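What follows is one structure encoded as structure tokens, with my remarks underneath.
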Amino acid sequence: MSDVPTNDLLAIETILSIDPGRAKCGVAVVEGPAPIAVKRKLVVDSLKLVSEILAIREQFPAVSRLIIGDGTGSATLRRALAASMTDLPIEVVDEYCTSQRARERFTREIRPVGWLRLVPKTLRAPHLPYDDYVAVILAEDYFAKKNV
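Per this note's numbering, residue 8 is the first one in the sequence shown, and the count goes up by one each step.
In structure tokens form, the structure reads like this:
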């Protein structure tokens, strides 16, 4: 038997968070609200996003909600997902400053290789896409607002 009270177990939610974009999108499966647990994160080609999300839903059947950032391509993506996933609620969340926060987190967590290590942190540009970090931050913000 678990030491965690039953009421706390009911509060845990698994969401699929999406940072939409023209060419690529960040996707994250996040469990929360506390502690936040990132189950999976990836960057996906925008043209393959819906099929990738369907595959992720098969891997993570506990997903109970879709969170979509309100930035580029949000309305089009929301319509496409609403047509193919009628069983999940879709919530649009504010993306304000999430890319900047994701970039800062990416440069903290992903160490540069080779000569890039000599470049000061403030001058480094990420060498990989970090849209998946944006998706994680969108989920964190969603859970933070939900618990207020």
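Quick reminder that beta carbons are idealized off the backbone N, C-alpha and C, glycines included. This structure is a prediction, so every number in the text was calculated from the model and none was measured.
Residue environment analysis places PRO68 among the exposed positions, since fewer than 16 neighbouring C-beta atoms fall within 10 angstroms of its C-beta. ARG72 carries a strand assignment under DSSP once its states are collapsed to helix, strand and coil. In the same chain as ILE63, and ignoring 5 residues on each side of it, the C-beta atoms closer than 8 Å to its own belong to LEU23, VAL34, VAL36, ARG47, VAL70, in chain order. Between GLY76 and ASP26 a beta carbon distance of about 5 Å is seen, short of the 8 Å cut, so the two are scored as contacting. Taking each of GLU38, PRO136, VAL51 in turn and checking the Cα distance to GLU111, the smallest one comes out for PRO136. Along the length of the stretch 80 to 105, whole alpha helix (DSSP H) runs at least 4 residues long occupy 81 to 91, reported in chain order. In the displayed model, ASP77 falls within coil according to three-state DSSP, outside both helix and strand. One thing to note: MET92 has its Cβ within 9 Å of the Cβ of LEU61. Here TYR149 is near GLU98, since their CB atoms are less than 9 Å apart.
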